[in-house]
């Protein structure tokens, strides 16, 4: 069945078809891939077979494996994902690492556009005395984030708020040491060329704000200072071609652009700004 499934995925244009098929079978059977390889001739149960066939059909149709299994690893932990949230990516782990580098003990953090909650939850797992407010315009996404907070035992230190950027906050009471965001930044012109897994299945609202992809980033740069303590930091994940434009958007009377950190491919990816 594994070979047949891999052929199905390969014919459907799925890269690394054998690995994808074995990962789906591993998820359904609850057995790791090493066990499956060493017991390749074993028969699986009728129910597991039905689930596996259905999963292969969904993956062949372009649905991301993470939505089929409902989980994605991020920063060494497992997070729930649904089609209501963006699938966490390795680039965003760099955002977390950079945020940890500027967080003091007991820091108060705001995660704008939290999605699955992977950023905020991970920061709280790594900094046991920190607290966070997670903002998200989608109530369905916030429910996924709440589940992940429960899974990782940080519920008591995080508040979830339905909010379009900072709209639901009060600047008199909501002040943060660090603001982080992986905002929608894909430009409308690039959307048609994305992989079908991304273009057709991940939430558009989390991918693109339309136009040049910088709409939300502009809002973050203009509105974040109101909610940041003096010398507080704003960290933003940006698109592969946005670093030069970002530098022109930064108001030097408000911000110091400390760095734009590269991702593993050397692409400028994480902007680190500090409020004067």
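Numbering (the working numbering), first residue to last: 381 to 656. No residue lacks a Cβ here, since even glycine has one placed at the ideal position from N, Cα and C. Treat the numbers as computed from the prediction; the structure is a model and nothing was measured.
Cut-off 6 Å between Cβ atoms - residues of its own chain near residue i, not counting five sequence neighbours on either side
{"i": "residue 566", "result": "587, 588, 593"}
{"i": "residue 494", "result": "500, 514, 516, 525"}
{"i": "residue 553", "result": "none"}
{"i": "residue 599", "result": "545"}
{"i": "residue 487", "result": "510, 557, 558"}
{"i": "residue 397", "result": "386, 389, 390"}
Cβ-based neighbour list, residue i, same chain, cut-off 8 Å, excluding 5 preceding and 5 following
{"i": "residue 609", "result": "555, 556, 557, 655"}
{"i": "residue 572", "result": "579"}
{"i": "residue 483", "result": "489, 503, 507, 510, 557, 558"}
{"i": "residue 633", "result": "656"}
{"i": "residue 606", "result": "546, 551"}
Backbone secondary structure at residue i - three-state DSSP
{"i": "residue 551", "result": "coil"}
{"i": "residue 458", "result": "strand"}
{"i": "residue 511", "result": "strand"}
{"i": "residue 608", "result": "strand"}
{"i": "residue 651", "result": "strand"}
{"i": "residue 470", "result": "helix"}
{"i": "residue 405", "result": "helix"}
{"i": "residue 516", "result": "strand"}
{"i": "residue 616", "result": "strand"}
{"i": "residue 375", "result": "For residue 375 there is no data in the structure shown, the boundaries of the chain being 381 and 656."}
{"i": "residue 527", "result": "helix"}
{"i": "residue 464", "result": "coil"}
{"i": "residue 453", "result": "strand"}
{"i": "residue 630", "result": "coil"}
Straight-line Cα distance separating residue j from residue i
{"i": "residue 412", "j": "residue 505", "result": "26 Å"}
{"i": "residue 631", "j": "residue 617", "result": "18 Å"}
{"i": "residue 576", "j": "residue 382", "result": "24 Å"}
{"i": "residue 434", "j": "residue 452", "result": "20 Å"}
{"i": "residue 521", "j": "residue 496", "result": "6 Å"}
{"i": "residue 523", "j": "residue 539", "result": "12 Å"}
Neighbourhood of residue i by C-beta distance below 7 Å, restricted to the same chain and skipping five residues each side
{"i": "residue 502", "result": "454, 455, 457, 476"}
{"i": "residue 581", "result": "442, 443, 444, 447, 463"}
{"i": "residue 518", "result": "464, 585"}
{"i": "residue 400", "result": "389, 394, 439, 445"}
{"i": "residue 431", "result": "408"}
{"i": "residue 623", "result": "640, 648"}
Rounded distance between the beta-carbons of residue j and residue i, thought under 8 Å
{"i": "residue 596", "j": "residue 564", "result": "6 Å"}
{"i": "residue 561", "j": "residue 492", "result": "4 Å"}
{"i": "residue 641", "j": "residue 479", "result": "Incorrect: roughly 11 Å between the Cβ atoms, too far for contact."}
{"i": "residue 615", "j": "residue 652", "result": "5 Å"}
{"i": "residue 650", "j": "residue 474", "result": "5 Å"}
Start-to-end residues for the beta strand (DSSP E) that takes in residue i
{"i": "residue 489", "result": "488-492"}
{"i": "residue 539", "result": "538-542"}
{"i": "residue 640", "result": "635-642"}
First through last residue of the alpha helix (DSSP H) which encompasses residue i
{"i": "residue 675", "result": "With the chain running from 381 to 656 in the structure shown, residue 675 is simply not present."}
{"i": "residue 448", "result": "445-449"}
{"i": "residue 502", "result": "498-506"}
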